[in-house]
Every structure is written in C-alpha cells, then in structure tokens.
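Novice: Okay, handing you the structure first.
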Amino acid sequence: MAYKITVIPGDGIGQEITDSAVEVLKAADKKFNLGLEFDYHDAGGTAYDKFGTPLPQETIDACKAADGVLFGAVGGDKWDKVDPAKRPEKAILGLRKALGLYANLRPVKVADALVEYSPLKPELVKGVDLVIVRELIGGIYFGEKCESEQHNGAERAWDLENYSVPEVERIANLAFETAKLRRGKVTSVDKSNVLATSRLWRRTVAKVAENYPEVECNNLYVDNCAMQIAVNPTQFDVIVTGNLFGDILSDEAAVVGGSIGMLPSASIGECTSLYEPIHGSAPDIAGQGIANPIGTILSAAMLLRYSLHEEAAADAIEAAVDKALGEGYRTPDLWKEGFTKVNTSEITKIISER
Ligand code: NAI
Ligand code: MG
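Every position in the sequence shown, counted from 1, becomes a number in our numbering once 35 is added.
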C-alpha cells in the first residue's frame, strides 16, 4: 500500500526545510518500506505570485486527497502590500477551514543535549516531554462578536465564548487517544471557577475520561497551569484545553524548549491532517541554506505517527534527531563554542544516516 503525502513548501525557508524533511522521510521509507509518494503544491506568497491567490483550489483538492500534508511556512515582507484578503498567511486559515483542522497538537520535548538552551534552570527542563492539545476552530475566537456599541452611556465591545458538548467530546477523545500513545496522563485546563463554558468543558472531559480507565486524568485552572509550566514542566504528559487558553499556553510551553527551530506541530483534521514547524518563513535567513530543519523533520515524524500509524518509523526519526544533537551537531541558530557547526543539508544528511 502506498501513502500519498502532499508537500507545501510555501515561502522563505519553507523550500529548504521541507526538502530536508522529505529527504529524512525517504531514508525512513527505505528502512521501513513505507511506500511514500510525494506531490508538491503551492500556497502562500509563492502561490499568489503564480496564480493571484495564496490558496489555489488545486492545492486544497490535493490536500483532501492526501494521507497527510507537510507544510513549510508562508509569508514575507515581499507581500506586505498585498490586499489583506490575499496575504500569504491567509493560506493557513483557509486550509484550517477547508480541512476542518479542529485540533492543534504542540509537543515540547527537550532533548538532553539541549537543556542549556532553555530560559529555565536545566534541572527543571531535563526530561520535559509534553504535548498541548488545543481546540482550534471553536471557542471565543469564533464566537459572535461586537466591535463597538453603546451601553449605559459608554462604548463597549464583546466576544462570546461558546462550546458545545460534541466539540469538547471530539477534542477530549483526541487527547485521551494521544495519551494512550504516550505516558497515559491527561491534564484538562479550564477556568471553571468563573466560566460557564469551562464548567461544561470539565463535565464533558470527565464523561469522556470514563471510557479511558487506563489514562489518568486531572484538572487545572489555566492560571495555575501557566505557573506549573514554568515551575514544574516535567509533571505534564498531555494538556488539553480550549482555543484561547491553548494559544497562550502553547507559546509559553514553546519557550521552555528554548529554540523555535526545533518545535513541530500537527493540526488534526476530519479527513486529512497537516504537519508544520511552529516557526514562520524566517525571511532574514531564507536562501542561505542555514535554516534549522529539525522542527519540520519532527513534524514529518508526527505525520508518520498520527496519520499513517507508522510508529516505528516515527520513533526512528525522533531517535535520529536526538542522536545527531547528542553527537554535538548544531545549525547556526543553536551553535556554541565546542559544537560542530553544520548547515541545513549537512544536518539533514546526518539525521538521515542515523
Ligand atoms: P519566524 O518564525 O519566521 O522567525 C523568527 C526568528 O526566528 C527569525 O530571526 C528567524 O530567522 C528565526 N527562525 C525561525 N525559524 C528558524 C529555523 N528553522 N532555523 C533558524 N532560525 C529560525 O517569525 P517572524 O519573523 O515573526 O515571521 C516571518 C514571516 O513568517 C511573517 O510573514 C509571518 O507572518 C510568517 N509566519 C508564518 C507562519 C506559518 O507559516 N505557519 C507562522 C509564523 C509566522
Ligand atoms: Mg499564538
């Protein structure tokens, strides 16, 4: 059986980092006989230049027909003056909508070799291996809103938060399934001491938890969770939360990792899921062959794990990354005295070989 992977390099360093991830996927394919097939499509500024739109229908169709999508990054100063509706970044929102990407998974794993890059004390970050499961298409970001109205003699604005039981059930199920593949612990984060939506969230997660007796489940208020990520991040396995809290907590957790170039993400969809590094198109270093491809390589590993259920190949890629870092290879963003400086293609080859 063959798997079809749609690759969308996008803009800036997108081309370099997706080339790199595809090379590593091909090495994994050779070893595990996966039968991967790649097809390339445009999105972002590159697509705007060719077709006058950042997200051609042909790209959407290819994504829908694929087993998984590997996405680089979009955007750049070159398109700053483009009509806002056609800006490169619109491609991401368009894909979220077209593919029904309802959940965002953001793992933060700190390799032993990289503890000193975290702003936290090394003894706090050693062994951090968590994933934030954020609801992505509901909650306050998508509720009814009012930009301006008069109320009791003053101007006001408002945003409504709402969550339905099926929306929470879907994300909770994903969180428990993810925990089953990991260390078997879910922490659900809300603000149920104040918010009605959070009370429904907590009730619904508790019901879903009954179907997963093998998974341990606890609850934290979001303010406490924000503190816990900074003071005791190793306590977490899977954190599940709504759109707003997840947006903030996932950026907080990302800095614990220390390097933006290292972190992958998955956006889980109803049919196809999309995998991309958390960073952008890095126009300041594009075209120089020095971008750190590891965030994209680890995104490719997530694609193997979550979309193709090829666990062994995913594990092998993650282990190869750890090995390369442990041996002291560093791209310029992470390079320090005493390490071996390598460029994008060199680190790619080193990881592929391992
Ligand atoms: P950025 O993440 O592209 O870059 C921030 C800084 O980190 C830069 O100094 C960059 O050189 C560095 N950096 C990022 N990834 C790196 C890597 N793999 N290796 C080495 N260094 C790396 O964020 P910025 O500068 O705010 O945005 C640049 C463009 O990317 C903008 O047009 C923005 O809208 C877009 N963007 C796109 C995203 C996406 O496609 N999902 C996400 C975030 C931003
Ligand atoms: Mg954010």
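A virtual CB, placed ideally from N, CA and C, is assigned to each residue, including glycine. Remember, predicted model here, so these are calculated numbers, not experimental data.
1. With DSSP as the reference, identify every bridge partner of Q185, one or two as the case may be.
2. To the nearest angstrom, how far is it from the Cα of R237 to the Cα of A207?
3. Let me make sure I understand the geometry here. Which of G361, D147, V356 and L209 has the alpha-carbon closest to that of Y341?
4. Tell me whether R218 is buried or exposed, calling it buried when 16 or more other Cβ atoms sit within 10 Å of its Cβ.
5. Whole angstroms are fine: how far does the CA of A56 sit from the CA of S316?
6. Based on the DSSP secondary-structure assignment, which residues constitute the bridge partners of L71?
7. Assuming K161 and V150 are in contact, meaning their beta carbons sit under 8 Å apart, how far apart are those beta carbons, in whole angstroms?
8. Would the C-beta of D77 count as close to the ligand NAI, meaning under 6 Å from any of its heavy atoms?
9. Considering just the uninterrupted stretch of the beta strand (DSSP E) at N254, what are its terminal residues?
10. Would you check if there are 3 or more beta carbon pairs closer than 8 Å linking the stretch 90-98 to the stretch 47-66?
11. For the ligand NAI, is there any heavy atom lying closer than 6 Å to the beta carbon of V109?
12. Identify, in the order they occur along the chain, each residue of the same chain with its Cβ nearer than 8 Å to the Cβ of V250, setting aside the five sequence neighbours on each side.
13. So does I295 have its beta carbon nearer than 6 Å to some heavy atom of the ligand NAI?
14. Give the single residue among C98, A100 and K85 whose Cα lies nearest to the Cα of W114.
15. For R218, which of helix, strand or coil comes out of DSSP?
16. Can you grab the Cα-Cα spacing for the pair I43 / A288, in whole Å?
17. Helix, strand or coil for D164? Go by DSSP, reduced to three states.
18. Just to confirm, does I320 get its C-beta within under 6 Å of one of the non-hydrogen atoms of the ligand HEM?
19. Between W193 and the rest of its own chain, which residues show a CB-CB distance below 6 Å, the 5 nearest in sequence each way excluded?
20. S302 and N139 look like a contact to me (Cβ under 8 Å); what is the Cβ gap, rounded to whole Å?
21. Jot down the residue ranges of each uninterrupted alpha helix (DSSP H) in the stretch 313-358, minimum 4 residues, whole runs only, in chain order.
22. Who are S223's beta bridge partners in DSSP?
23. Measuring only from the beta carbon, is S199 closer than 6 Å to any heavy atom that is part of the ligand NAI?
24. State the Cα-Cα distance for the pair A101 and D46, rounded to the nearest angstrom.
25. Alpha carbon to alpha carbon, what distance is there between Y152 and L235?
26. Return the chain-ordered list of same chain residues with a C-beta closer than 7 Å to the C-beta of N228, the five sequence neighbours on each side being excluded.
Specialist: To lay it out plainly:
1. In the sequence shown, residue 185 corresponds to position 150, counting from 1. According to DSSP, Q185 bridges with E190.
2. Within the sequence shown, numbered from 1, the residue matching residue 237 stands at position 202. Within the sequence shown, numbered from 1, the residue matching residue 207 stands at position 172. Approximately 10 Å between the Cα atoms of the pair.
3. As a position in the sequence shown, residue 341 is number 306, starting the count at 1. With distances taken between Cα atoms, Y341 lies closest to L209.
4. In the sequence shown, counting from the first residue as 1, residue 218 sits at position 183. Exposed: under 16 other Cβ atoms inside 10 Å.
5. Residue 316 sits at position 281 when you count from the first residue of the sequence shown. Residue 56 sits at position 21 when you count from the first residue of the sequence shown. Taking the straight line joining both Cα atoms gives about 15 Å.
6. Residue mapping note: residue 71 aligns to position 36 of the sequence shown, counting from 1. Per DSSP, Y38.
7. Along the sequence shown, one-based indexing puts residue 161 at 126. Along the sequence shown, one-based indexing puts residue 150 at 115. 5 Å between Cβ atoms; contact.
8. The residue labelled residue 77 in the question sits at position 42 within the sequence shown. No.
9. As a working note, residue 254 is residue 219 in the sequence shown. Element bounds for N254: E251 to Y256.
10. no
11. Start at 1 with the first residue of the sequence shown, and residue 109 comes out as number 74. It does: the Cβ of V109 is within 6 Å (strictly closer) of some heavy atom of the ligand NAI.
12. Taking the first residue of the sequence shown as 1, we reach residue 250 at position 215. Answer for V250: F211, A214, K215, G219, K220, V221 and A244, listed in chain order.
13. Mapped onto the sequence shown, residue 295 falls at position 260. At least one heavy atom of the ligand NAI is nearer than 6 Å to the Cβ of I295, so yes.
14. Working through the sequence shown from its first residue, we reach residue 114 at position 79. The shortest Cα separation from W114 among C98, A100 and K85 belongs to K85.
15. The residue you call residue 218 lines up with position 183 of the sequence shown. When secondary structure is reduced to three states using DSSP, R218 falls in the coil class, being assigned neither helix nor strand.
16. For this step, residue 43 is matched to residue 8 along the sequence shown. For this step, residue 288 is matched to residue 253 along the sequence shown. Approximately 26 Å between the Cα atoms of the pair.
17. The sequence position of residue 164 within the sequence shown is 129, counting from 1. The answer is strand: DSSP assigns D164 an E or B state.
18. This structure lacks the ligand HEM; its bound ligands are the ligand NAI and the ligand MG.
19. The residue you call residue 193 lines up with position 158 of the sequence shown. Result list for W193: C181, in chain order.
20. Within the sequence shown, numbered from 1, the residue matching residue 302 stands at position 267. Within the sequence shown, numbered from 1, the residue matching residue 139 stands at position 104. Rounded, the Cβ-Cβ distance is 5 Å, consistent with contact.
21. 329-337
22. As a working note, residue 223 is residue 188 in the sequence shown. N254 and V275.
23. The residue given as residue 199 occupies position 164 in the sequence shown. No, the beta carbon of S199 sits no closer than 6 Å to any heavy atom of the ligand NAI.
24. One-based indexing of the sequence shown puts residue 101 at position 66. One-based indexing of the sequence shown puts residue 46 at position 11. Spanning the two alpha carbons is a distance of roughly 21 Å.
25. Counting from 1 along the sequence shown, the entry for residue 235 is found at position 200. Counting from 1 along the sequence shown, the entry for residue 152 is found at position 117. Straight-line Cα distance between these residues: approximately 39 Å.
26. As a position in the sequence shown, residue 228 is number 193, starting the count at 1. If we look at N228 and ignore the five residues flanking it on each side, its Cβ neighbours are Y256.
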